[in-house]
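Residue numbering for the sequence shown follows the numbering used here, starting at 20 and increasing by one per position.
Inspection log for the structure reproduced underneath, given as structure tokens.
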Amino acid sequence: MNHEKIKEGVRLLLEGIGEDTSREGLLETPDRIARMCEQIYGGLYEDAGVHLNKQFHAANNNMVLEKDITFYSVCEHHLLPFYGKAHVAYIPDGRVAGLSKLARTVEVFARRPQIQENMTVQIADALDNYLKPKGVMVMVEAEHMCMTMRGVQKPGTKTVTTIVRGAFAEDYSLQQTFLQMVKG
């Protein structure tokens with residue numbers, strides 16, 4: 020990440036909106052923003068496979084669901100936050116990932132400029148590619164600040180995206196079980 024370019028960009032933005040960049044409250048803002056970018060865009064430099072390659076043998080091949088994984092991301096269209104919960108399920112084929120690895124996978128994709136629709140697919144793709152499960156289902160529920168503080172200005176509105184693969188796509192009852200478990 021290029022901190023100097025970020026700092027210069029922030030200075031130009033502040034000048035562009037008519038701010039005095041030499042004002043006491045703004046003197047360190049460009050540096051603060053550059054450091055913040057390391058955290059909120061850190062997923063650009065991470066590979067989900069690093070997390071999902073840690074696997075264990077499992078005799079149980081029933082659904083594994085990790086629900087209510089809180090995430091924060093940034094809309095690539097407006098550079099405003101969107102945040103919410105991800106629910107990730109898969110049907111193992113003899114191997115499972117550590118539970119924390121599912122949450123880490125969500126973080127890898129949430130921590131980059133992103134749209135929710137793509138993030139949902141990327142999480143499912145990563146599970147499919149690295150775990151080779153019998154099926155995957157991902158649901159993401161989020162509130163988008165680009166809809167609540169600008170534009171249509173409808174706070175509390177949630178966007179829900181889902182993706183199903185393998186056994187979940189073939190068996191509607193698995194989808195229903197997933198939904199009941201998420202809402203339960």
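Glycine is no exception: its CB is placed at the ideal position from the N, C-alpha and C atoms.
Whole-angstrom C-beta distance between residue j and residue i, which should lie under 8 Å
i, j, result
"K120", "H70", "4 Å"
"E34", "T40", "6 Å"
Other residues of its chain near residue i: CB distance less than 7 Å, five sequence neighbours each side excluded
i, result
"F101", "S92, C94, Q135, A161, E162, H163 and M164"
"V83", "A108, Y109, P111 and V115"
"K73", "A116, G117 and K120"
"A129", "G62, F90, Y91, S92 and M138"
"C56", "M20 and I25"
Proximity to residue i [Cα-Cα], best of the options
i, options, result
"R54", "A67, V29 and E38", "V29"
"K151", "P132, M166, A186 and E34", "A186"
"V127", "I36, I59 and E38", "I59"
"K104", "H97, V179, D190 and N21", "V179"
"E17", "R123, H22, L31 and E189", "Nothing in the structure corresponds to residue 17, since the chain is present only between 20 and 203."
Same chain, Cβ closer than 6 Å to residue i, neighbours up to 5 away in sequence not counted
i, result
"V157", "V107, T139, I142, A143 and I182"
"P132", "V93 and E95"
"N80", "P111"
"M200", "L84"
"K86", "H106 and V201"
Exposure label - residue i; buried when at least 16 CB within 10 Å
i, result
"I88", "buried"
"V159", "buried"
"Y149", "buried"
"Q194", "buried"
"G154", "buried"
"R42", "exposed"
8 Å Cβ shell around residue i - same chain, five flanking residues per side excluded
i, result
"L99", "V93, H163, M164, C165, M168 and R169"
"K26", "P49, D50, I52 and A53"
"V125", "I88, F90, A105, V107 and I142"
"E38", "L45"
"G68", "A145, N148 and Y149"
"G175", "E162 and T167"
"F197", "M82, L84, H106, A108, M156, M158 and F187"
"S192", "none"
Residue range of the unbroken alpha helix (DSSP H) whose run includes residue i
i, result
"E23", "H22 to G35"
"M55", "T48 to I59"
"R123", "L118 to A129"
"M166", "M164 to T167"
Boundaries of the beta strand (DSSP E) in which residue i is found, first to last residue
i, result
"S41", "Unbroken run through S41: none, as it is neither H nor E."
"Q74", "Q74 to H76"
"D87", "V83 to C94"
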